[in-house]
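A.B. asks:
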Amino acid sequence: MAPLALSSKVEALSLSDARSPPDSAAPSPSLLADSSGLGGFATEKAVKKELATRADADETKPKKLFRCSFPGCGREFQLKGNLKRHANIHCGERKFACKFCGKRFLRKADMEVHYRVHTGEKPYRCKYDHCAKCFARRSDLLSHERTHT
Numbered sequence: 058m059a060p061l062a063l064s065s066k067v068e069a070l071s072l073s074d075a076r077s078p079p080d081s082a083a084p085s086p087s088l089l090a091d092s093s094g095l096g097g098f099a100t101e102k103a104v105k106k107e108l109a110t111r112a113d114a115d116e117t118k119p120k121k122l123f124r125c126s127f128p129g130c131g132r133e134f135q136l137k138g139n140l141k142r143h144a145n146i147h148c149g150e151r152k153f154a155c156k157f158c159g160k161r162f163l164r165k166a167d168m169e170v171h172y173r174v175h176t177g178e179k180p181y182r183c184k185y186d187h188c189a190k191c192f193a194r195r196s197d198l199l200s201h202e203r204t205h206t
């Protein structure tokens, strides 16, 4: 699709409906402030998703929460899939075993991250030139990078 045609569609997305209150989820000017008309978003679909996210952020809307019914837990999630994944903590079978130490995991991805304890692999490197620190977990890298700011 030509950039001009896509830009027109994006602009149409940003226009408020005449029936909407003036403070509706119209994007901020910065959302569409680049030459492509996509405001840094790769696709029109990404712009639509961002607009929907901003509309959902409206505090006046009650949010549907999914609550864990396991006795004594009661954790709440905004997405049903996250509740299902959480439920495995209480009753799921730990079917993935570490080949080095035998520790068992609910999810294969968690086991693969755990392998780095044994292999010493640290694939996440600090983005700052003067810093050469590397980390096994992305969350540790992000936490570290905040110390530079």
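Heads up: the sequence shown is residues 58 to 206, going by my numbering. Glycine included, each C-beta is placed from N, C-alpha and C at the ideal position.
1. Just how far apart, CA to CA, sit lysine 102 and phenylalanine 157?
2. Taking only three categories from DSSP, how would you classify tyrosine 172?
3. Within 10 angstroms of its Cβ, does tyrosine 181 collect 16 or more other Cβ (buried), or is it exposed?
4. Helix, strand or coil for arginine 194? Go by DSSP, reduced to three states.
5. Hey, how far is the Cα of glutamate 202 from the Cα of arginine 124?
6. May I ask which residues mark the beginning and end of the alpha helix (DSSP H) holding arginine 142?
7. Could you tell me which residues DSSP pairs with phenylalanine 162 in its beta bridges?
C.D. replies: Put simply:
1. If you draw a straight line from the Cα of lysine 102 to the Cα of phenylalanine 157, it is about 43 Å long.
2. Under the three-state reduction of DSSP output, tyrosine 172 falls in the helix class.
3. Result: buried.
4. Of the three classes helix, strand and coil, the one that applies to arginine 194 here is coil, per DSSP.
5. Taking the straight line from one Cα to the other gives about 34 Å.
6. Membership of arginine 142 in the alpha helix (DSSP H) is indicated by the continuous run 137-148.
7. Phe153.
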